[in-house]
Amino acid sequence: MNILITGANSGFGQLIVGDLLKAGHRVIGSMRDVAGRNSETASTLRALGAEIVEIDVTSDASVESGVAAALARLGRIDALINNAGIGAHGLQENFSADDFRRLFDINLFGVQRMIRVVVPDMRTRGEGLILNVSSLLGRVTMPFYGPYNASKWALEALSENYRAELSAFGVEIALVEPGGFPTTFMANLMHPGMRDRDAGYGAMAAAPEVSLAHFEGFLAQNPQQAPQIVADAIVAVIGMEHGTRPFRTEVDRIGMGTLVKDYNDHLARVTASIYANLGIEGMLNVRIRKTDPA
């Protein structure tokens, strides 16, 4: 397959690109600042066999030019992996509206920008895959991750709607929902631009830092929660036959994944029943393009 992945410079992104190449796919990784702070990562991925394009998912023009460059090299894009994202941690009240805008611009609007540019060709061809990297925190909330929770819940809804509206055109939507992992994601968390509300929280104002330190320690004591398993899950979903991929795939080995899977399975039954009652159950099944026998 010809695959374009955003956020190829991230911890997950680098692993995903390497494993997709090993699986025999053609991969273009996108990132910001290819000639600057990400130049070393770009060189490493090129050495593995990937091609690199510059894309800033917060810019319409950058997305359009980057996807055009990818199409010029690949001819077509069979799968888009929306992996670029940023986390947030702190008391939710301390995050300004501008903080929320910045995070949503990457985690949600960036995905919408990418899909809008890539999906028309997929619709025309009658086949394609869009895989959105969400989070278990897009299904349940945890304190101190408020803006991130909100952006990933929104991404889940965005994906639900695209699944229904694109199924008749052969475009498959898949969500991969990782738990918490020890990657550069943790080091790059967005924190509140101001902490002007701390005084009103008293001793609880220090709770976010204490909570984060405890969680990082917990991850260090649980090596089974290795970032590689996220890459493995994404490569596995990519490798499935068109039309057979699960809509949601939970990736976690520290206790949340199994519980969220039960929740997701229940929601799938609820959704299927509601769609059936409305007579639109077919919108949950991606159309498989029939090819003429050789």
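Numbering-wise (the working numbering), the sequence shown opens with residue 12 and increments by one. Glycine included, each C-beta is placed from N, C-alpha and C at the ideal position.
- Between the beta-carbon of Gly254 and that of Ile299 there is about 5 Å, and that keeps the pair under the 8 Å contact cut.
- Assigned with DSSP and collapsed to three states, Ile14 falls in strand.
- Shown here for Asn296: same chain residues with a beta carbon closer than 7 Å to its own, the five before and five after excluded, namely Ser178 in chain order.
- Closest option to Ala90, judged by alpha-carbon separation, among Ser162, Arg208, Thr17: Thr17.
- Of Gly157, Met42, Pro238, the smallest CA-CA separation from Gly191 is found for Pro238.
- Here the C-alpha atom of Glu227 lies approximately 7 Å from the C-alpha atom of Pro193.
- Under the Cβ criterion (8 Å, minimum of three pairs), the segment 59-66 counts as touching the segment 32-39.
- Residue range 50-59 is occupied by the alpha helix (DSSP H) that includes Arg57.
- About 5 Å separates the CB atoms of Gly98 and Leu200; that is less than 8 Å, so the two are in contact.
- Your pair Met125 and Val68 checks out as a contact, with CB atoms roughly 6 Å apart and the cut at 8 Å.
- For Arg259, there is no enclosing alpha helix (DSSP H); the residue is part of the beta strand (DSSP E) that begins and ends at 259-262.
- Between Phe180 and Arg134, the CB-CB gap stays under 8 Å.
- Excluding sequence positions up to five before and after Asn288, its CB lies less than 7 Å from no other CB in the same chain.
- In the DSSP assignment, Val38 falls within the unbroken beta strand (DSSP E) covering 37-42.
- Judged by DSSP secondary structure, Glu183 falls within the beta strand (DSSP E) whose first and last residues are 182-189.
- Val262 places its beta carbon less than 8 Å from that of Val241.
- By a beta-carbon distance limit of 8 Å, Leu166 contacts Asn118. Their separation comes to about 6 Å.
- Between Pro203 and Ser107, the alpha-carbon positions lie close to 7 Å from each other.
- Burial check for Arg259: the Cβ neighbour count within 10 Å reaches 16 or more, so the residue is buried.
- Looking at Ala79, Met205, Val248, the one whose alpha-carbon comes closest to that of Ala185 is Val248.
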